[in-house]
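When we follow my numbering, the leftmost residue of the sequence shown carries the number 107, and every step to the right adds one.
Beta carbons: idealized from backbone N, C-alpha and C, even for Gly.
These notes are about the structure you will find just below.
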Amino acid sequence: MLRSRPSEDSLATLCTSSTENDDVTSLFSSETLTAASYPIFNKPISSYTRIRELPLVVGQIKSDLQLFPSLGALKNGESPLFSIQSNKLHFFKKNSPLLTIFIHRDDSKSEFCKVYFKILRNNLTCYVLMFSKGEKVVLFNNALKPHSDSLFRNTKIRLVGASGASAFSNGSLRLLLLKPETPTLVDGLDYDSLDAAETIKDVDLSKNSSTPLFDSVVRQERTKVSNYLNNAKLVVEVPFASYTDHGDTKIEGVRVTGLVRLFESTIMGEEEKDIPEDSLIVVSMLITLVEQEIRKMRGSNKPSYVV
Numbered sequence: 107m108l109r110s111r112p113s114e115d116s117l118a119t120l121c122t123s124s125t126e127n128d129d130v131t132s133l134f135s136s137e138t139l140t141a142a143s144y145p146i147f148n149k150p151i152s153s154y155t156r157i158r159e160l161p162l163v164v165g166q167i168k169s170d171l172q173l174f175p176s177l178g179a180l181k182n183g184e185s186p187l188f189s190i191q192s193n194k195l196h197f198f199k200k201n202s203p204l205l206t207i208f209i210h211r212d213d214s215k216s217e218f219c220k221v222y223f224k225i226l227r228n229n230l231t232c233y234v235l236m237f238s239k240g241e242k243v244v245l246f247n248n249a250l251k252p253h254s255d256s257l258f259r260n261t262k263i264r265l266v267g268a269s270g271a272s273a274f275s276n277g278s279l280r281l282l283l284l285k286p287e288t289p290t291l292v293d294g295l296d297y298d299s300l301d302a303a304e305t306i307k308d309v310d311l312s313k314n315s316s317t318p319l320f321d322s323v324v325r326q327e328r329t330k331v332s333n334y335l336n337n338a339k340l341v342v343e344v345p346f347a348s349y350t351d352h353g354d355t356k357i358e359g360v361r362v363t364g365l366v367r368l369f370e371s372t373i374m375g376e377e378e379k380d381i382p383e384d385s386l387i388v389v390s391m392l393i394t395l396v397e398q399e400i401r402k403m404r405g406s407n408k409p410s411y412v413v
């Protein structure tokens, strides 16, 4: 059953146990105190006491996706939380978005985020997510050992499962939280310049500082890249967020393409129906990669970028 529910413990204190949701609610025991010292998106890790599950469906226009706040909302014919529209002609026009994510609130629809795609270097591409409120997030994609790295509100993120340059899709994606000392592809990014950018034309990612993982990917040093990835230090041992493809099967009588699941903070005292801003942004990052995987499943071309 899809649902949003409180967990019996917080993200920081959940211990390995036998439950119906071991994959989500089982974390670690011996490292609890260590993990508690790492804030997540500038919030205490102990505040992540809710698990939210959001069903994804392909819209009436097959190039579009809809993400619903709950299975109940989908079953009742309510408006989606997000509608994701792909721009198939983006490669004909420089600085055109690959995706536009719209948010639905109070029977109104407004732009929430535009997603741009860029080719950076050999084996390196990126997505630039520019949110309507001014926040910007960059996802660097490694084509050697497919994964994506990002930094969001002082927390390092690694998304694994996206099939990168491969023509084959993957129906399972995971978003992991990394400890600050873990090398990532975005360590050399000039965030002051990124924050100052008003449009995608102002985003210059060509002057990133040299970093070990970044350089190893560019040089195609597969062994070094594998070592960096294998030695990554996680804040917690299970995904903070995930996507699982359901192949348009029916759940409780409604067709579901896939399911997004994530931990959610309740520090602001939000009710269950209220989704915090950081959750919306994390979901946008995950859905950006999900859309590309679904595009492959349906035989569409991978994203491209015209310089």
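- request: List the whole-angstrom C-beta distance separating Val-331 from Leu-319, where the pair is believed to meet the contact cut-off of C-beta under 8 Å.
  value: Yes, they are in contact, since the Cβ atoms of Val-331 and Leu-319 sit about 7 Å apart, within 8 Å.
Checklist line | Span separating the alpha-carbon of Tyr-233 from that of Asp-298 | finding: Inter-residue distance for Tyr-233 and Asp-298 is about 18 Å (C-alpha atoms, whole angstroms).
- Exposed or buried, Arg-264, counting other C-beta atoms within 10 Å across all chains shown (16 or more means buried)? Label assigned to Arg-264: buried.
Legend entry - Cβ shell of Ser-322 (< 8 Å), same chain only, five flanking positions each side left out: Cβ within range, chain order: Lys-330, Val-331, Tyr-334.
> In chain order, what residues of the same chain have a beta carbon less than 6 Å from the beta carbon of Thr-290, not counting five sequence neighbours either side?
Replying inline: Around Thr-290: Asp-255, Lys-262.
Between which two residues does the beta strand (DSSP E) harbouring Lys-330 extend? Taken as a continuous stretch (DSSP letters only), Lys-330 belongs to no beta strand (DSSP E), being part of the alpha helix (DSSP H) at 328–336.
Measuring only the C-alpha atoms, how far is Ala-415 from Ser-202?
It is not possible to answer for residue 415, since the shown part of the chain is limited to 107 through 413.
With a CB to CB cut of under 8 Å and the five nearest residues on each side skipped, what residues in its chain are close to Lys-285? The beta carbon of Lys-285 sits closer than 8 Å to the beta carbons of Tyr-144, Lys-262, Lys-339, Leu-340, Val-341 from its chain, once the five residues preceding and following it are set aside; these are given in chain order.
**Study point:** Anticipated Cβ contact below 8 Å, Thr-288 with Thr-155, distance rounded
**Key:** The pair is not a contact, with the Cβ atoms about 25 Å apart (cut-off 8 Å).
Quiz item: Should Arg-292 and Asn-229 be called a contact, given that it needs their Cβ atoms to be closer than 8 Å?
Solution: Residue identity differs from the one stated: residue 292 is Val in this sequence, not Arg. Not a contact, by the Cβ cut-off of 8 Å.
Query raised in the report: How long is the line joining the alpha carbons of Phe-188 and Tyr-349, rounded to whole angstroms?
Result: Cα to Cα, the separation comes out at about 15 Å.
Q) Would Arg-211 be called buried (16 or more neighbouring beta carbons within 10 Å of its own) or exposed? A) Exposed: under 16 other Cβ atoms inside 10 Å.
query = Taking DSSP as the reference, what is the three-state secondary structure of Val-164?
reply = In the three-state reduction of the DSSP assignment, Val-164 falls in the strand class, which pools E and B.
_Would Val-396 and Gly-364 qualify as a contact pair, given that the criterion is a beta-carbon distance under 8 Å?_
In this structure, Val-396 places its C-beta atom within 8 Å of the C-beta atom of Gly-364.
Would Arg-361 and Asp-354 be called neighbours here (beta carbons separated by less than 8 Å)? The Cβ-Cβ distance between Arg-361 and Asp-354 falls below 8 Å.
Exercise. Below 8 Å between beta carbons: does that hold for Leu-392 and Val-366?
Worked result: Cβ atoms of Leu-392 and Val-366: closer than 8 Å.
C-alpha gap between Ile-400 and Asp-296, whole angstroms:
Between the alpha carbons of Ile-400 and Asp-296 lies a gap of roughly 31 Å.
Q) Taking Cβ positions, are Leu-235 and Thr-394 nearer each other than 8 Å? A) Their beta carbons are under 8 Å apart, which means Leu-235 touches Thr-394 by this criterion.
For the beta strand (DSSP E) containing Val-324, list its first residue and its last residue. Counting along the chain, no beta strand (DSSP E) covers Val-324; the unbroken alpha helix (DSSP H) around it starts and ends at 318–324.
- Comparing alpha-carbon positions, which option in Ser-390, Gly-294, Ser-192, Ile-151 lies nearest Ser-315? Among Ser-390, Gly-294, Ser-192, Ile-151, the Cα nearest to that of Ser-315 belongs to Gly-294.
| query | Does DSSP put Glu-217 in a helix, in a strand, or in coil? | reply | DSSP, reduced to helix, strand and coil, places Glu-217 within a strand of the structure shown.
So Gly-178 is in the beta strand (DSSP E); what residue range does that whole segment cover?
-> Taken as a continuous stretch (DSSP letters only), Gly-178 belongs to no beta strand (DSSP E), being part of the alpha helix (DSSP H) at 177–181.
According to the neighbour-count rule (16 or more other Cβ atoms, all chains shown, within 10 Å of its Cβ), is Glu-370 buried or exposed?
Around the beta carbon of Glu-370, a 10 Å sphere encloses 16 or more other beta carbons of the protein chains shown; the residue is thus reported as buried.
Q | Unbroken alpha helix (DSSP H) run spanning Ser-299, endpoints | A | In the DSSP assignment, Ser-299 falls within the unbroken alpha helix (DSSP H) covering 297–302.
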